[in-house]
Structures are given as structure tokens and as C-alpha cells.
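Visitor: Protein chains in written order, with the numbering used here: chain Y, 1 to 374; chain H, 375 to 685; chain F, 686 to 980.
Here a beta-carbon is modelled for each residue, glycine too, at the ideal position from N, C-alpha and C.
All values derive from a computational prediction rather than experimental measurement.
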Amino acid sequence: MTTATQPRGETRTADRPFGPHTGPLRRATRWWPALLLVVLFIAPYSALPLPGLLDGPIGSPGNLQLLALCLVFGALATGYDLLLGRTGLLSFGHALYFAAGAYVTNTVMLEAGLPFALAALLGLLAGVALSALLGAVSLRVSGIGFSMVTLAFAQAGSILVQRDPGGVTGGEEGRAAPADKMPAALVGIDHTANLYWIALAYLVVVLAVVHWAVRSPTGRVWEGIKENERRVEVLGLRPYGFKLTAFVLAGALAALGGIVYLLLTGGATPQTTTSDFTLSLLVMVVLGGSGTRWGPMAGGILYTWADHRLGDLANSGAVAGLPAVLRVPLSQPLFLLGALFVAVIYLLPGGMARLPARLRAARTTTAREEATDA
Amino acid sequence: MNTPAEPHAHTFATPPAHPSAELPAHTPAKSSAHTPAAPAGKTAPPLLTVRDLRVVIGGRHILHGVDLDVAASGTTALLGRNGAGKTTTVRGILGLVPRTGSVRLDGEETVRLATHALVRRGVGYAPEDRGVFAALTVAENLRLAERPGAGEPAYDLVHELFPELKQRARQAAGTLSGGQQQMVAIARTLLNGNRIVIADEPTKGLAPKVVTEVTRVLERAAEAVPVLLVEQNLAVVRRLARHCAVLADGRTAHHGPAAELLADPDATRRLLGVGRGGHGTGTRAERGHTGTTAPEHTAAHPAARTAEADA
Amino acid sequence: MSTVVLLTLTGLGLGALYFLVASGLSLIFGLMDVLNFAHGALMSAGAYGTWWAASGHLPGAGSGGFGFVLAVVFGTAVGTLAAVLLELAVIRPLYTRPREQILATVGVGLAVPALLSAIWGADARPFLGPEALAGTFGLLGAEVPLNGLVLIAAAVVVLVALKLFLGRTRHGLVVRAGVEDRAMVTALGIDVRKAFTLVFAIGGAAAALGGAIGGLYFGSVDPEQGTSLLIFAFVVVVMGGMGSLTGAALASVAVGLVQQFANYYTSAGLGDLAVVVLLAALLLVRPRGLTGRLA
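Right, dumping it as C-alpha cells:
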């Protein structure tokens, strides 16, 4: 039975996309996340331009806003992967809990006049309660049935928000957050750096929570459920409770993300409730590498950046001058991202996180072939 | 290709002498373990030759290199304890699980063929779970096994062997008894004048009386077409099989005439894990295995086994 | 009374539209375990194909009489072809990776509406149909729109045709067997991949037909139409028990009727919610759907 441990070993390798190296190199690479965090933390003070990647200096409010969005989506994708990559649950309704955080917080501020901190707490609780309730129902079906049910619930939420019951949600326009209820340091273009740091803090929190949860005994059961649910049942554990825990935890992280997003964009919009929103999270996770520590984050950041930059590209003169066959598809970021997604599935199974491992494998194979030839 | 067995009226009334009785049991079991020889007594090359068959499922190595010859006539039994890899070997031969190695059918390499393409070259397969389509009728189950463009299906033979299936043609197969479902599964393999029939534990979970009936049908089938039989019931093996291969831990552990193995109680116990109650002299340590005893599938016919083994 | 008649018939019309989409989804899922997120895109392909042909781009086709029939045939053919292409180019190379198959259809489902709006704009385009189908007719005091009846008729024809295909032909037999146990079908010497392509073609044709006639029903086509209908089709498939055609038909009718009645008697939008509540209730009582089949 020694062979049974093999898949686990593979997962470990996938967990460390930039390792495992040996010796000093490995020790050096182990600290890259801390280094990256420091770089991200001081980014608002930087006037360094990144031509091609960003317009103008990094520290400009527009760029900080984009970077903050990237970080929020990197975190959201990481939280979503708690379901997809860690527990093997394909939920199509994650947008609902994100939107619950944003909308409940916003509505409580607008309608009940409560200050932001209290409203945010209620928003978070709403996300937890909603994910617990709907998770309890949708987890009664397994496999793809679960996916469809979560999709149906999210769609119901989306419809509800767009119908604007009692003028509470603002319908298709959404509603702007009330500036007078928010802390002054979080409002206005001058304070974008603060919002950026909040987004960074959110990302760190999500990464830490996911890391901790996956390492916990519960996390090991999740891994078992992902690999073979039957085997977990045979061990006498009820997968339902563990799956629900993952669902609620992911829902809470998403609701928290919704609150950060509300701060960042200054309002709640119905686009965040749609199934397309969840599908874009799915694309981010798969793009980056599902079930890995850094993959979903990288995918979320890359997707968000590409989505914005491709939009700029679509409106640029370079594209306008192209013949119709090229211009028409290039004018749609969603088309490009959909096509890119399909391409990644084919050409890069495991996402970007597997890229270093694949390169290494290719190098080893070449080396071995050379050795055989010699 | 399409040569269904001639109906023999006498087969059921007077079963022929045990095929194993015709073969002298002279080959030492040990020496043939990893170099399967051509079937003893005949010079005909094996019909199906499996070499170094390896199967990895979900990162787990199930088979580590199985070697197996299926003789061009009669029944070859594939034996082994539970979990030794018998079913995986059969599924690997058919390409139902990803596998590497070599599988030659009548000299032709088939390891790169898709399952359906291999089957169309004349393989009948009755899987372990019987593979009967529960929502389909008996007639539809049989119709699925027809191969358009490969000659007339041998319904005469099937209906002669299983008159019951004709009566129950319009019944949903899921409502049949286990024995009847097994008959559907075997009937599907006999419909096409196949070159080889692979039956995976056809007597599993059946009542003793039905076991006898299934055994008779397989005996009859083996007259016309070589059979690869995975079986735990040693009484059935004794009755049907001329040759046998034994798997242990995903490898071929033994290969030789079936009668010879079954006549050697020590080898039987060592390879198959079936003891003979108080008669055995060996201790657990002698088996060289981790000591778990396989379930006594042979319990239905203990008298027959003891009598023959002692003879 | 007249309101009830009208709501029943429009509800059945909506249910018919759901069935046209869900029948293919259910068959594809039942046979291949692929949840086809691109099915809405196939429907849109049918709708846009018909609209394109009916607006005078296809010689002989038009918005009236035989010309419209030709346009619908063209639109259905476009959807069928798109479905076959999807199966061969996107699904087939991923046979050994079921999760990725679903993800790939998600990608296609995102890309196709984006492409449609890149070519013809994101706004709804008016969909012109024959004058004869634009009217209403009196039934038990209600003025029932004709185009809803066309949908019902199309759904009934598709249901009967599919039942005959599944019950009477060898290909249908292979599909039914494959829904139960795909591996065993191949072990009987049948190339089940041909059945996959066939089921995609059938599902694509039904969805494209739904798109073509749905355009008539809604009076316009837009790139997101298929995707929004797809979600209700998913509900129908889950409720009906995946892989069951009869279940899909029953669930379509139930969903269409509940939606129409709830939307009329309560506030608009609650009908859509009622459907989801119905789904939740059903799953609590019978986790395996109406026909008790769920992977």
C-alpha cells in the first residue's frame, strides 16, 4: 500500500510551484512571498512607470485602483478555490455571497443609517448566513447537480437584485455608497492608497485563512473528499458537514471581499451578482492553477489586469486600424478571455502554477534523452 | 470469423470428462512463473498474449507487469486472491483502463486500439458486474451486442443455451435475477462468433444451482471458442480450466496447467490463500504473504475439492 | 377563466422553449457527463442564424411564409453544425478529463455571446416573423398569441421525434445504453464517440430550433438571450432527473407554468424566484429529481 501516498506527493509538488529546489536556491526562494508583500506594501509610494503594464506611474490613483482590484480578485479567486481546488466542489453561485456582502452593507448604511463598521459586520454575517442556508440545501445533491443548484440560487439572487424590490437595491443601476456614513479616510480619490492597503490586507487575510484551513484536520478531510468522497465515507466521516464548512468559509471570505469591493468602487452594482461574475472567478482559478497555494491569486490578478488592459486595447487606435476579421473579435475582452481560457485548458493543464514544474520536467526529459544518446 | 458453435444435443446430458484430466501435470510450477510456455500438450501458439501489462489508476500502480497466455482452445483461468489485479488485468486487456505493455490477439498488437476496435476483432466480454443495461429489455441488451456488417448474429445458439431469455425478451433486464442477468451477459458474448470470450467471475454471487448451470454453459462455449475465465470458485476452475495463471500483487506469480496447481495444496494455499480446513500442514509464516486469508469462495463444493486434491 | 387559459398557454409556450434547450442538455449530460455551458450559445447561433437569413441575407429566405421556414431551417442547421464542431474540436480532445470538458464549454459559452455582440452589437435586434404568426386567436374567451403555440408544436414534435429515435433506432439504443454505462457500450464493440457527436448534433439542433422560434416569441434577438434561458434549462434538467427526456418534458411544463402564474399573480420577477424555490423544495424532498436519476 505504499503506492497510495503517491497522489498526495504530487499535490505537494503542485503546492510549491516555485520549488522544490535544493540547497541555497531553495532557501532564497522560500522568502519570495514576504518580499513580494513588502513590494506591494510600498507600491503607493512609487512613482516608477511600468510601460505596457500600466499607464503612468504605479502610485497614481487610477493605477492604484486597478492594482487594488487585481488584489481583491486575486483574493476572491483564492477563496473560491477553497471549494473548487481544495474540496472538489464546482460552485456556480459564488457571486451571490460576494454580492451579499456588498449589497447588505450598502443597504444597511443607506436604509438604516448605520455607520460603515456596523453595516460591514452585518454584511459579513449576511454572507455567512446565506451561504450556510443555501449550502445546506445545495449540498444535498452531489456532483454536477450541486453546480446547477448553486447556479440556480445565484440566478435567483441576481434576478431579485435587478428587479429592485422596494427600491432597495437600485435595480440595474445599482446604488452608490453614502459618503457620510463612511470613514473619511476611505472616501475620495486622495485616499486611494488607503483602499489599496485594505485590498492588500484582504488578500493577506484570505491567503492566511485558506492556508490555515487547508492545513487543519478539516482541510485534510477536504482533500480526501476531493480525491474520493466514498473513501471518506468508508472512514466513518460524513462528507456533508465538511463540505458545508468549506462552503460557508468560502462564502464568508467572498462576503468580506464584497465589502472591500464596495469601498473600492464606491457602490454596489448588479454585475457582481451575475453568473458571469462567478464564471470569471472560475476562469481566474483555472488560469492560475486550481488547488495550488499561489495559482488562484496569480490567475485573479492576471485576469483582472488583462480584462482592464484588453478593454483599453480594444478602444485603442492600433485595433481600430485592423481589418474587420481581427478588429471585431479583439474589440471584445470577454471573447479574448474566453478563448484564452479554452487555450489554457488544452495547452496548460494545471494552470500557470504548473508552468515551472512543466518546464523543469521538459528540461529533465531533454537531459535524460541526451544522457541516453551519449 | 463468424463460426458459431455447432449445436450439440448431447452436451448438456453428458458433460465430457474434465479437460484437466487429459493433461499430465509434469511441468514444475516454479520454473514457468515468468516465462509462460506454450500450452502443454499442443503446439498451437496462444491466441492472446499479454506481456508486461501495467496499469496505473489515479497515481496508484495496480498492475506491475502481468504476463498471460490464453490458449487457442479450451478455458484458461486467471486466478488470484482478492485485490490481486484480476479484474484490472481483464479491463487492461480490453483497454477499459489506461495501460501499457503488449496485448497481442492472434499475433496482432492491440494495445493501441480503442476498446470497441479490439472487441470488433472478435472479443466477447462478460464483466464482473455483468454490465447488463438495467433499463433496456433483454432483447435490446442482446441487440446491442450485434455487430452490423459482421455476419448474422447467432440467436439460434443463444436461444438454445438460454431458452429463458427468449421468453423474457421484452422484460427489462434490471428486473431479472442475478443468474438471469449473468446469462444475458454470457449470451452477448456468444452472439458474434467471437475469437475469444472473456468472463470475469461469472459465478460470483450466484446460488449453487445457478453456478452449475453457468458452468455448463461456459463448458459448452469453450468447445467452440477459447475462454479466459476469472474465477474464485475453484470447483468451477477445476471443471473448466486446462491452463491457469495466478496473479499476486499485480504480477503474474504462477503459470501452468490448472490441474497441476489445484492438485498441489501447498501451492494453492500459497498462491490463492485458500486453505483446506484442518488438513493443511503449512503455517501462516510459510505463505510468505501478509497473512490475510481470502474468503472461502469454494465453500459450496468442499467435498469435491478435497476428494480431487487428495486423489 | 380567460386569464387562466392565457397564462396556461403562455406558460406552456415558455415550458416548450425550456424543453427545446433542456432536452439536448439532458441527453448530453446523461450520455457524456458533460454539463454543456455552451448550450445557450448554440441556441443563440440558431436565433442569429435565423434572424440573419430572414433579414434577406440568404437567397430565398425571408420573414414571411416559406421564406421564414427556410430561415428557420438555416438557423437550425447553423446550430447543429456549431454543436458538431463544438463536440469534435473542444469536447473530444478532453474525453479523459471530464472536469476540463465542462470548463471548456464555459469558455466557449463566454466567448460566443461576446463574439455575437462584437459582430452585431450588444443591443437586441428586432426579429421579424411571418405576419400570420404575429396575431392571436380566441380560445375560451382568451386572446392567445400564436407564436406560443408554434413553440408548443415544435416542442411536441421534437419530443415525439426524440422518443422515436431513442426507442426505435439502433443509434437510439446505443444512446440509451450509453446513458446507463458508457464503458460497457464500448466493450460490446460500439464506438460510443459517434453517439457523442450524434447527441451533440441533436441537442444543438433542438436548441437552435428553440432559438429560432424563441426569437419569434420574444420578438427580438440579443447575444445574452441564450445564456439567460440556459439557467432555467439547467433547473429543468436537475428537476427532471439528468438524462431523462420524459423528466425534462415534465419539469419544463412545471417550470414554465409556475413562472407564468407566479409572475402574473404576484409581482413580476417573483415567478423566477418561485422556480428556484420549487427546485430547492424538490431537492429537499427528492434529492435525485423527479425521475430519480442523478449522477
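If distances are taken between C-alpha atoms only, which option among F/Gly-794, F/Tyr-703, F/Val-769 comes closest to Y/Leu-337?
Guide: Of the listed residues, the one whose Cα sits closest to Y/Leu-337 is F/Gly-794.
Visitor: State the Cα-Cα distance for the pair F/Leu-692 and H/Leu-550, rounded to the nearest angstrom.
Guide: F/Leu-692 and H/Leu-550: Cα-Cα distance of roughly 46 Å.
Visitor: Unbroken beta strand (DSSP E) runs of length 3 or more, entirely within the region 435-492 of chain H: which are they?
Guide: You should have 449-454, 473-479.
Visitor: In terms of DSSP beta bridges, what is F/Ser-905 paired with?
Guide: F/Pro-811, per the DSSP bridge assignment.
Visitor: Per DSSP, H/Tyr-499 forms a beta bridge with which residues?
Guide: H/Ile-572, per the DSSP bridge assignment.
Visitor: Are the region 78-87 of chain Y and the region 258-275 of chain Y in contact at 8 Å, needing three or more beta carbon pairs?
Guide: At 8 Å Cβ cutoff, the stretches do not touch.
Visitor: Determine, for F/Ile-787, whether the minimum Cβ-Cβ distance to residues of chain Y falls below 9 Å.
Guide: Chain Y contact via Cβ: present.
Visitor: Alpha helix (DSSP H) containing F/Gly-734: first to last residue?
Guide: It spans 724-737 - the alpha helix (DSSP H) in which F/Gly-734 sits, taken as one unbroken run.
Visitor: Closer than 9 Å, CB to CB, is H/Leu-468 near chain F or not?
Guide: Closer than 9 Å to some Cβ of chain F, the Cβ of H/Leu-468 qualifies, so yes.
Visitor: Using DSSP bridges, identify the partner residues of Y/Gly-267.
Guide: Note: Y/Gly-267 sits in a beta bridge opposite Y/Ala-176.
Visitor: Have a look at Y/Leu-114 and Y/Met-182 and give me their C-alpha separation to the nearest angstrom.
Guide: Cα to Cα, the separation comes out at about 10 Å.
Visitor: Find the residues of chain F that neighbour H/Pro-501, judging by a C-beta separation of less than 8 Å, and give them in chain order.
Guide: Going along chain F in sequence order, the residues near H/Pro-501 (Cβ under 8 Å) are Met-869, Ala-872.
Visitor: Near Y/Phe-92, which residues of its chain fall below 7 Å by C-beta distance, leaving aside the five closest residues on each side in sequence?
Guide: Here the set comprises Ser-147, Thr-150, Leu-151, Ala-154, Ser-275, Thr-278.
Visitor: Is there a C-beta anywhere in chain F that falls below 9 Å from the one on H/Val-497?
Guide: Closer than 9 Å: yes.
Visitor: Does the beta carbon of H/Phe-507 sit closer than 9 Å to a beta carbon anywhere in chain F?
Guide: Answer yes: the Cβ-Cβ gap between H/Phe-507 and chain F drops below 9 Å somewhere.
Visitor: Beta carbon of Y/Pro-49: closer than 8 Å to some heavy atom of the ligand MG?
Guide: The ligand MG is absent from the structure shown, which contains no ligand whatsoever.
Visitor: In the DSSP assignment, what are the bridge partners of F/Arg-853?
Guide: None; F/Arg-853 has no bridge partner.
Visitor: With a threshold of 9 Å between beta-carbons, can Y/Gln-271 be considered close to chain F, or not?
Guide: Y/Gln-271 does not count as touching chain F.
Visitor: So, do the region 757-774 of chain F and the region 798-811 of chain F have three or more beta carbon pairs nearer to each other than 8 Å?
Guide: Contact between the region 757-774 of chain F and the region 798-811 of chain F is absent, because fewer than three Cβ pairs lie under 8 Å.
Visitor: Can you tell me where the alpha helix (DSSP H) holding F/Ile-804 begins and where it ends?
Guide: Unbroken alpha helix (DSSP H) run through F/Ile-804: 783-805.
Visitor: Measure the CB-CB distance between H/Val-599 and H/Leu-564 and report whether it falls below 9 Å.
Guide: Taking 9 Å as the Cβ cut-off, H/Val-599 and H/Leu-564 qualify as a contacting pair.
Visitor: How about H/Leu-452: is its C-beta nearer than 9 Å to some C-beta of chain F?
Guide: Taking Cβ atoms only, chain F never reaches closer than 9 Å to H/Leu-452, which makes this a no.
Visitor: Determine the DSSP secondary structure at Y/Pro-57, reduced to helix, strand or coil.
Guide: Strand.
Visitor: Where DSSP assigns a beta bridge to H/Ile-431, which residues make up the other side?
Guide: According to DSSP, H/Ile-431 bridges with H/Arg-434.
Visitor: Residues in its own chain within less than 6 Å of Y/Pro-61 by CB, not counting five upstream and five downstream?
Guide: Contacts found: Ile-189, Thr-192.
Visitor: Tell me the DSSP secondary structure of F/Ala-696 in three-state form.
Guide: Note that residue 696 of chain F is Gly in the sequence shown here, rather than Ala. Helix.
Visitor: Taking the alpha-carbon of H/Val-571 as reference, which of H/Pro-501, H/Asn-515, H/Leu-535, H/Arg-544 has the nearest alpha-carbon?
Guide: Comparing Cα positions, the closest option is H/Pro-501.
Visitor: Do F/Leu-697 and F/Leu-942 come within 9 Å of each other at the CB atom, strictly closer than that value?
Guide: Going by C-beta atoms, F/Leu-942 is nearer than 9 Å to F/Leu-697.
Visitor: Does any CB atom of chain H fall closer than 9 Å to the CB of F/Thr-781?
Guide: At least one chain H Cβ lies under 9 Å of F/Thr-781.
Visitor: How far does the alpha helix (DSSP H) with Y/Gly-135 in it reach, from first residue to last?
Guide: Start and end: 116-138.
Visitor: To be precise: take each residue of the region 791-815 of chain F, compare its Cβ to all Cβ atoms of chain Y, and keep it if any distance is under 9 Å. Which residues remain?
Guide: The residues in question are Val-791, Gly-792, Val-793, Gly-794, Leu-795, Ala-796, Val-797, Pro-798, Ala-799, Leu-800, Ser-802, Ala-803, Ile-804.
Visitor: Could you please give the first and the last residue of the uninterrupted alpha helix (DSSP H) stretch that includes Y/His-94?
Guide: Element bounds for Y/His-94: 94-107.
Visitor: Check the Cβ of F/Asp-866 against every Cβ in chain H and list those closer than 8 Å, keeping chain order.
Guide: Neighbours of F/Asp-866 on chain H, chain order: Gly-505, Phe-507.
Visitor: Is F/Gly-806 buried or exposed, if buried means 16 or more other CB atoms sit within 10 Å of its CB?
Guide: Under this definition F/Gly-806 is an exposed residue.
Visitor: Assign Y/Gly-300 to one of three DSSP states: helix, strand, or coil.
Guide: The answer is helix: DSSP assigns Y/Gly-300 an H, G or I state.
Visitor: Taking the alpha helix (DSSP H) that H/Glu-701 falls in, what are its first and last residues?
Guide: Absent from the model: residue 701 of chain H. The displayed extent of chain H is 375 to 685, so no value can be given.
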